[in-house]
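> Structure below; questions to follow.
Structure below.
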C-alpha cells in the first residue's frame, strides 16, 4: 500500500540546532518543515561563541563565508578581562579561544576553520534564510501538541495560534529540538562603548572585592 506523507521530516524548534538540521536536509533535497510557537526568532542575547567544529559544519552547508561576514573575527576574540567594575581596576587579562601564543598552533592544526563570535539571533536568521531558500518550510505561531507513531510514519498535531485551530501532519520522521519552555529573557539595550573601547576584550569578568561568596 502506498503511504501518504505530507512531508519527509517535521522539526519542532527553529533555533540553531533545528535550523541547521533543516538546512542540511534541504541541501539534500529532503522535504522538511519546521515549527515554532513563537512569531519569529530569538531577539535577545544568547549563545555567541562558534567553535571550529561548528564552523566546519557551516562550511559543509555552504554558509561559512556568510557567517564570517557578520561575525566578530577570531583575531578579535583574544582576551577576557577580570576587573572590579565595568570601568574599574583591571585585575587580570587572560588569552582565550586559542589566540594566545601557547595554544594558537594547536587550533590552527586542529581545523581548517577559525572560531568566530556570532550572537544567536544573527546566526538563527542566517540559517533560516538559507534553509528557506533551499526549500525548507517554516511555520511560525504554530505550537506542537502531540504525536502518534505507527510502523510506517509519525503523525503530529499542531495548534495554529493565530486562528486557534488544530491540524495534523504525517511524516516519515519527527525531530524535537525545542528549548526549555517558560524561560523569561530580559534584554538590556545601551551603548557602553565609551567605557570599554580603550581595552577591547571578548569577555570582561567583574570582581567585587567586598563580596563574601564566590570568586567572580
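Numbering (the UniProt record's numbering), first residue to last: 1 to 216. Cβ coordinates follow ideal geometry from the N, Cα and C atoms, glycine included.
(1) Using DSSP with H/G/I as helix, E/B as strand and the rest coil, what is residue 160?
(2) Residue 155: which of 136, 145, 110 sits nearest, CA to CA?
(3) Under 8 Å, do residue 12 and residue 176 count as touching if we go by C-beta distance?
(4) Residue 80 bridges to which residues according to DSSP?
(5) So which of 8, 33, 24, 3 has the shortest CA-CA distance to residue 142?
(6) Can the beta-carbon of residue 48 be found closer than 8 Å to that of residue 120?
(7) Kindly indicate which three-state DSSP category residue 70 falls into: helix, strand or coil?
(8) What are the boundary residues of the alpha helix (DSSP H) that residue 196 is part of?
(9) In whole angstroms, what is the alpha-carbon distance linking residue 171 and residue 25?
(10) Where residue 105 and residue 80 are concerned, what is the direct C-alpha to C-alpha distance, given to the nearest angstrom?
(11) Any idea if residue 206 is buried or exposed, counting beta-carbon neighbours within 10 angstroms, 16 or more meaning buried?
Answer, in terms of the structure:
(1) In this structure, residue 160 counts as strand in the three-state DSSP scheme.
(2) Minimum Cα distance to residue 155 is reached at 145.
(3) Against a cut-off of 8 Å, the Cβ pair of residue 176 and residue 12 comes out as a contact.
(4) For residue 80, DSSP records a beta bridge to 94, 203.
(5) Cα-wise, what sits closest to residue 142 is 33.
(6) Their beta carbons are under 8 Å apart, which means residue 48 touches residue 120 by this criterion.
(7) Collapsing the DSSP output to three states places residue 70 in a helix.
(8) Judged by DSSP secondary structure, residue 196 falls within the alpha helix (DSSP H) whose first and last residues are 193–196.
(9) So the two alpha carbons sit approximately 14 Å from each other.
(10) Looking at the two C-alpha atoms, the distance is approximately 20 Å.
(11) Within a 10 Å sphere around the beta-carbon of residue 206 sit fewer than 16 other beta-carbons, which makes this residue exposed.
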